[in-house]
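Taking it in order: structure first as structure tokens, then the write-up.
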Amino acid sequence: MSFLRKTLPVLTAGAICGVMLSIGGMVWAEKEPQSSLPLDDLRAFSEVFGQIKASYVEEISDHDLLENAIKGMLTGLDPHSTYLDKKAFKDLQEGTRGEFGGLGIEVGMEDGFVKVITPIDDTPAFKAGVEAGDLVIRLDEKPVKGMTLSDAVKIMRGKPGTDIVLTIIRDGETRPLKISITRDIIKVVSVKNRMLEPGYGYVRIASFQTRTGANLLEAISALKKETDNAELKGLVLDLRNNPGGLLNAAVSVSDAFLTDGLIVYTEGRIEHSKMSFKATPEDVLKGAPIVVLVNGGSASASEIVAGALQDHKRAVIMGQQSFGKGSVQTILQNNKGGAVKLTTARYFTPSGRSIQAEGITPDVSLLKVKLERLDDDFSSVKEKDLSKHLVNPSGSEEVKKAKKEQLALSNDYPLNEALNLLKGINILR
Numbered sequence: 004m005s006f007l008r009k010t011l012p013v014l015t016a017g018a019i020c021g022v023m024l025s026i027g028g029m030v031w032a033e034k035e036p037q038s039s040l041p042l043d044d045l046r047a048f049s050e051v052f053g054q055i056k057a058s059y060v061e062e063i064s065d066h067d068l069l070e071n072a073i074k075g076m077l078t079g080l081d082p083h084s085t086y087l088d089k090k091a092f093k094d095l096q097e098g099t100r101g102e103f104g105g106l107g108i109e110v111g112m113e114d115g116f117v118k119v120i121t122p123i124d125d126t127p128a129f130k131a132g133v134e135a136g137d138l139v140i141r142l143d144e145k146p147v148k149g150m151t152l153s154d155a156v157k158i159m160r161g162k163p164g165t166d167i168v169l170t171i172i173r174d175g176e177t178r179p180l181k182i183s184i185t186r187d188i189i190k191v192v193s194v195k196n197r198m199l200e201p202g203y204g205y206v207r208i209a210s211f212q213t214r215t216g217a218n219l220l221e222a223i224s225a226l227k228k229e230t231d232n233a234e235l236k237g238l239v240l241d242l243r244n245n246p247g248g249l250l251n252a253a254v255s256v257s258d259a260f261l262t263d264g265l266i267v268y269t270e271g272r273i274e275h276s277k278m279s280f281k282a283t284p285e286d287v288l289k290g291a292p293i294v295v296l297v298n299g300g301s302a303s304a305s306e307i308v309a310g311a312l313q314d315h316k317r318a319v320i321m322g323q324q325s326f327g328k329g330s331v332q333t334i335l336q337n338n339k340g341g342a343v344k345l346t347t348a349r350y351f352t353p354s355g356r357s358i359q360a361e362g363i364t365p366d367v368s369l370l371k372v373k374l375e376r377l378d379d380d381f382s383s384v385k386e387k388d389l390s391k392h393l394v395n396p397s398g399s400e401e402v403k404k405a406k407k408e409q410l411a412l413s414n415d416y417p418l419n420e421a422l423n424l425l426k427g428i429n430i431l432r
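Just so you know, we're using this note's numbering here: the sequence shown kicks off at 4 and counts up by one.
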């Protein structure tokens, strides 16, 4: 089958059940020279093709055989290269609008099973308790072993309101877990922001889409307005469970905090897969300290941002080892309405590190723990508890606000640690 070399902007995430990768305008890539055909191998292929046609227990069409052969070629390359038939390619395009139907999980393949890279914020999978690192072994009653990633994604996608049961294996559990999830329309909000304490902002990036860079600048502007347009004392950039997305979006986010130097570069066998991206002069935070939170669900574009800020010593990376996806995929559309998602390059951090299969190592490692707020009914007696104590004439509202903010932080150990680190940096400065 001949392919039109019609290339979309490069992607840095895996397959999503209800795909959410953003795609911009199309550009034509240069046509690569054809190498000589391996005639002996093609004869063997033709022979097997004929044997299947003549002897398989059921009749099978030429179209199905050839499409299966294409899928097999790509499946044998790496976990992220795959064939998209016409419907799957349409689903991909629909998903770029940031709204799609499905479960809301980023997935890949591992040892023949579907591996959850990360659940997406506020989606059915997230709310049902699916976790990064889960291995899906059954979809309803269908074993995953033997399926391609595309086949598994097709099953997980479906009409909103319908249910599916995932049977998963999870580290630390002695037996498989069954999780029932109701499919829904997934609306991905790329960037969220709020103040943690006066002067200290928080920005959560859930995925890297076309407008993520612009949305980040809007979020920081909103945080500054809350401080009467004063500069922030520090920022927590939360990239936990962020599966990636557009390479260009990761570059834009990194560039917002850097003033010069390399952000990321890519290397591949073909000329258009070799790219490099450099920072522009302005730092939107004017040098204020940054703590970037990552975990095992932080993949691809998230790792590009963390790696760039770490190499330039612009941020402290805190959390757990990231996922380790250091490859870039390009969408190549074919003349039958489908496409090939093909790994065409590896990306490298400014210092030349490849994070492929290793990930970003945090500067400050945190154990995966859950905090429990202790009941303080029996805490030590304070001045305010004494009979006829003098009332503080000011500050009562500020105290209430501070207590409310601390309550909001109390269940998120990494976020607490990030905020404390920012405070410590500012004390030293």
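For every residue, glycine included, the Cβ atom is placed at its ideal position computed from N, Cα and C.
Review point. Assuming residue 223 contacts residue 206 under a Cβ cut-off of 8 Å, what Cβ separation, rounded to an integer in Å, is found between them?
Key: Between the beta-carbon of residue 223 and that of residue 206 there is about 7 Å, and that keeps the pair under the 8 Å contact cut.
Exercise for review: Identify whether residue 279 lies in helix, strand or coil by the three-state DSSP scheme.
Suggested key: The answer is strand: DSSP assigns residue 279 an E or B state.
Exercise for review: Within the same chain, show all residues whose beta-carbon is closer than 7 Å to that of residue 7, passing over the 5 residues directly before and after it, in chain order.
Suggested key: Model confidence at residue 7 stands at a pLDDT of 35, short of 50, so the residue's coordinates are unreliable; what they give is reported in the following sentence. 336, 337, 338, listed in sequence order.
Point to revise | Contained beta strand (DSSP E) runs [length at least 3] in the region 248 to 276, N- to C-terminal order | key: Annotation note: the region 248 to 276 contains the following uninterrupted beta strand (DSSP E) runs of length 3 or greater, listed N- to C-terminal: 265 to 270.
Review point. When burial is assigned at 16 or more other CB atoms within 10 Å of the CB, is residue 41 buried or exposed?
Key: Classification for residue 41: exposed.
Review point. For the region 128 to 146 against the region 310 to 319, are there 3 or more C-beta pairs whose distance is under 8 Å?
Key: Touching, no, given that fewer than three Cβ pairs across the two stretches are closer than 8 Å.
Review point. From this set, 44, 115, 134, which residue's C-alpha is nearest residue 123's C-alpha?
Key: Proximity to residue 123 across 44, 115, 134 peaks at 134, based on C-alpha coordinates.
Point to revise | Alpha carbon of residue 293 to alpha carbon of residue 425, nearest angstrom | key: Rounded to the nearest angstrom, the two C-alpha atoms are 7 Å apart.
Check your understanding: Under a Cβ-count criterion, where at least 16 other Cβ atoms within 10 Å of its own Cβ denotes burial, should residue 51 be classed as buried or exposed?
Key -> Exposed, by the Cβ-count rule.
Exercise for review: Using alpha carbons as the reference points, say which of 322, 290, 311 lies closest to residue 351.
Suggested key: Checked all of 322, 290, 311; the closest Cα to residue 351 is 311.
Review point. Can we say the region 278 to 292 touches the region 256 to 264, given the rule of at least three CB pairs closer than 8 Å?
Key: Because the criterion of three Cβ pairs below 8 Å is met, the region 278 to 292 and the region 256 to 264 touch.
Exercise for review: Less than 8 Å between the CB atoms is what I'm expecting for residue 328 and residue 247, so what's the real figure, rounded?
Suggested key: Sure, about 7 Å apart at Cβ, within 8 Å.
Review point. Can you list the alpha helix (DSSP H) stretches of 4 or more residues lying completely in the region 126 to 207, in chain order?
Key: Listed in chain order, the complete alpha helix (DSSP H) runs (minimum 4 residues) inside the region 126 to 207 are 127 to 131, 152 to 159.
Check your understanding: Per DSSP, residue 296 is paired with what?
Key -> Its beta-bridge partners are 241, 321.
Point to revise | Where the beta strand (DSSP E) through residue 332 begins and ends | key: That run of the beta strand (DSSP E) goes 330 to 336.
Practice item. Quick one: grab the DSSP three-state call for residue 219. Key: The three-state secondary structure of residue 219, taken from DSSP, is helix.
Exercise for review: Measure the beta-carbon distance from residue 252 to residue 121 and round it to whole angstroms, keeping in mind my assumption that it falls under 8 Å.
Suggested key: About 17 Å separates the two Cβ atoms, so there is no contact after all.
Check your understanding: In whole angstroms, what separates the C-alpha of residue 420 from that of residue 192?
Key -> Answer to the nearest angstrom: the Cα atoms are 25 Å apart.
**Study point:** residue 122 - partner residues in DSSP beta bridges
**Key:** Partner(s): 108.
Review point. Are at least three pairs of beta-carbons, each pair with one atom in the region 102 to 112 and one in the region 154 to 174, less than 8 Å apart?
Key: With the cut-off at 8 Å, the region 102 to 112 and the region 154 to 174 touch.
Point to revise | Pair within 8 Å by beta-carbon distance, residue 346 and residue 80 | key: If you check the CB distance, residue 346 and residue 80 come in under 8 Å.
Point to revise | Burial state of residue 28 (16 or more Cβ within 10 Å) | key: Confidence at residue 28 is low in this model, with a pLDDT of 28, below 50, so its placement is unreliable and the value that follows should be read with caution. Exposed, since its Cβ has fewer than 16 Cβ neighbours within 10 Å.
Point to revise | As assigned by DSSP and simplified to three states, the class of residue 361 | key: Shown here, residue 361 sits in coil according to DSSP, grouped into three states, outside any helix or strand.
**Study point:** Residues bridged to residue 343 (per DSSP)
**Key:** Bridge partners of residue 343: 86, 335.
Practice item. Using the DSSP secondary-structure output, state which residues sit across from residue 117 in a beta bridge. Key: Beta-bridge annotation (DSSP): residue 117 is paired with 112, 139.
Exercise for review: Pick helix, strand or coil for residue 416, following the three-state DSSP scheme.
Suggested key: In the three-state reduction of the DSSP assignment, residue 416 falls in the helix class, which pools H, G and I.
Exercise for review: Measure from the alpha carbon of residue 237 to the alpha carbon of each residue in 203, 323, 199, then state which is nearest.
Suggested key: Closest in alpha carbon position to residue 237, among 203, 323, 199, is 203.
Review point. Distance, Cα to Cα, residue 331 vs residue 278?
Key: If you draw a straight line from the Cα of residue 331 to the Cα of residue 278, it comes to about 11 Å.
**Study point:** Same chain, Cβ closer than 6 Å to residue 308, five either side skipped, listed in chain order
**Key:** When the five nearest sequence neighbours on each side are left out, the beta carbons in the same chain lying within less than 6 Å of the beta carbon of residue 308 are those of 253, 256, 257, in order along the chain.
**Study point:** Close Cβ partners of residue 369 (< 8 Å) along its chain, the five nearest in sequence each way excluded
**Key:** Within the same chain, residue 369 has close Cβ partners 321, 322, 323, 416, 417, 420.
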